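Written out below as structure tokens is the structure these notes cover.
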Amino acid sequence: MKTQSVLLIHGGAWAMPDDAVAAHERGIADALAAGYSLLKRGGSAVDAVEAAVAVMEDDETFDAGRGSFLTQDGRVQMDALLMNGENLRTGGVACVERLRNPIRAARLVLDRSPHVYFVGTGAERFARQHGMALCDNMDLVIPREQQRLYKAQADELAGLRDETFSGSLDSHDTVGAVALDVHGNIAAGTSTGGTLNKAPGRVGDSSLIGCGCYADNLSAAVSLTGWGEPIMKLVLGKWAVDRVAAGGSPQDSAQDAIDYLYSRLGGHGGIILLSPDGRIGLAHNTPRMAWGIQNAEGSQIGVTRN
Ligand code: GLY
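Each residue of the sequence shown is one higher than the last, beginning at 298 in the working numbering.
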């Protein structure tokens, strides 16, 4: 039986300044176009999610790929996960420094490895062995982020901010996508440079199964953005899809997940959810969240305010 395809994506949830809104809207539109064109031609949900996320990784606007937030020592270090809800095949990479598109490395792990998760130089070696080019880390570092890091570290020295800034509302621009294809299969992907001034080697929620990303045809597909540590402690992605499996609507489940994140641990972030019957959910408790959706009826792009 053929179903109607849907692509729902997010481009971060944080205290996005007014002058960043237009770039986020443009980036979301580009990612929707890339992902939905595949779905429209009968492509798989996994293909659409990978394509949409890769476009946002290539766009310096977002905290993923080139333009990511920097670690304490001024490097880009990225995490990504891709999951196929049809068969639970999954690929994850973390702490990669020399890949322009970590989501494409995650796809290679999903397709071509008996393993699920690679980190650091092992992940880069796996990607290279399967045809991906490695870049120099400095190719991923941009002046905007160097300035942001210098300011954050100066503020830290002046006692204006805490040590890691992880709980700060101005450093969560992780990207993600969920999709439903015409065959009725769902998929999810999430990609991030992590949080501003993170310690080298720190891994956030985005690439951990069930935390920042999950997909199962028996429940739902989910991608999260926000402060990773509380999301990880609550395994919030799996928490949310389990509520859909138990009969909750995706919208109620998305809102419940964000409420739970805040009430339990004071966390903040945003979530997108998609059920196999095409219903969606979206919620955030940050000042803004960038998102977009496309289906047969058309597309909608938003930078929602709270
Ligand atoms: N949600 C992104 C991170 O905390 O790494």
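Don't be surprised by glycine CBs; every beta carbon is placed ideally from N, CA and C.
All values derive from a computational prediction rather than experimental measurement.
Enumerate in chain order the residues of its own chain whose CB-to-CB distance from residue i is below 8 Å, with the five nearest sequence positions on each side excluded.
i    : result
R372 : E394, N434, V438 and P497
D553 : A537, R540 and G545
L558 : G523, P527, I528, L531, L533, G564, H565, G566 and N582
R445 : F366, L367 and L493
Just to confirm, does residue i get its C-beta within under 7 Å of one of the non-hydrogen atoms of ligand 1?
i    : result
S516 : no
D502 : yes
T358 : no
G509 : yes
T601 : no
T368 : no
G332 : no
T583 : no
G389 : no
T492 : yes
T300 : no
T418 : no
In the DSSP assignment, the alpha helix (DSSP H) including residue i goes from what residue to what residue?
i    : result
L579 : That residue, L579, is in no alpha helix (DSSP H); its beta strand (DSSP E) goes I577 to H581.
T471 : Run containing T471: none; DSSP gives neither H nor E here.
R441 : P440 to L454
A551 : P547 to L562
Residue i: buried (16+ other C-beta within 10 angstroms of its C-beta) or exposed?
i    : result
P440 : exposed
N384 : exposed
S550 : buried
E460 : In this prediction, E460 has a pLDDT of 48, which is less than 50 and means its spatial position is unreliable; what the coordinates show is noted afterwards. With fewer than 16 Cβ atoms within 10 Å of its Cβ, E460 is classed as exposed.
H307 : buried
H412 : exposed
F462 : Residue placement at F462 is poorly supported in this model, since its pLDDT is 46, which falls under 50; the coordinates still yield a value, given next. Its Cβ being crowded by 16 or more others within 10 Å, F462 is buried.
Y447 : exposed
A451 : exposed
Q591 : buried
G490 : buried
A363 : The amino acid at residue 363 is misidentified as Ala; the sequence shows Arg. Buried: at least 16 other Cβ atoms inside 10 Å.
A593 : exposed
T358 : buried
R422 : exposed
R404 : buried
Between which two residues does the beta strand (DSSP E) carrying residue i extend?
i    : result
H321 : Element bounds for H321: not the beta strand (DSSP E) but the alpha helix (DSSP H), V318 to K337.
F359 : Premise fails: F359 is in no beta strand (DSSP E) and is neither H nor E.
M429 : It is not in any beta strand (DSSP E) - M429 carries neither H nor E in the DSSP assignment.
W608 : Only positions 298 to 603 of the chain appear in this structure, which leaves residue 608 out of reach.
A403 : Premise fails: A403 lies in the alpha helix (DSSP H), P399 to R409, not in any beta strand (DSSP E).
Q591 : R585 to N592
V600 : G595 to R602
M380 : M375 to N381
A310 : V303 to W311
Does ligand 2 have even one heavy atom less than 7 Å from the beta-carbon of residue i?
i    : result
W524 : The ligand content of the structure shown is limited to ligand 1, which means ligand 2 is not among them.
Give me, in chain order, the residues of the same chain whose beta-carbon lies closer than 6 Å to that of residue i; leave out the 5 immediate sequence neighbours on both sides.
i    : result
V416 : A391 and C392
M313 : R585
T368 : Q374, K495 and P497
N381 : V343 and A484
D513 : G382
S334 : none
Y414 : G389
S341 : D478
I'd like to know whether the C-beta atoms of residue i and residue j end up nearer to each other than 8 Å.
i    : j    : result
A420 : V475 : no
I547 : G578 : Note that residue 547 is Pro in the sequence shown, not Ile. The answer is yes: Cβ separation under 8 Å.
A319 : A331 : no
L477 : P573 : yes
T487 : L521 : yes
V472 : A361 : yes
S503 : G481 : no
L378 : I569 : no
I325 : I555 : no
E431 : L396 : In the sequence as presented, Glu is not what sits at residue 431; that position holds Leu. Yes. Within cutoff.
A542 : G309 : no
Near residue i, which residues of its chain fall below 7 Å by C-beta distance, leaving aside the five closest residues on each side in sequence?
i    : result
G339 : V479
D316 : none
Q426 : none
R386 : L407
A455 : none
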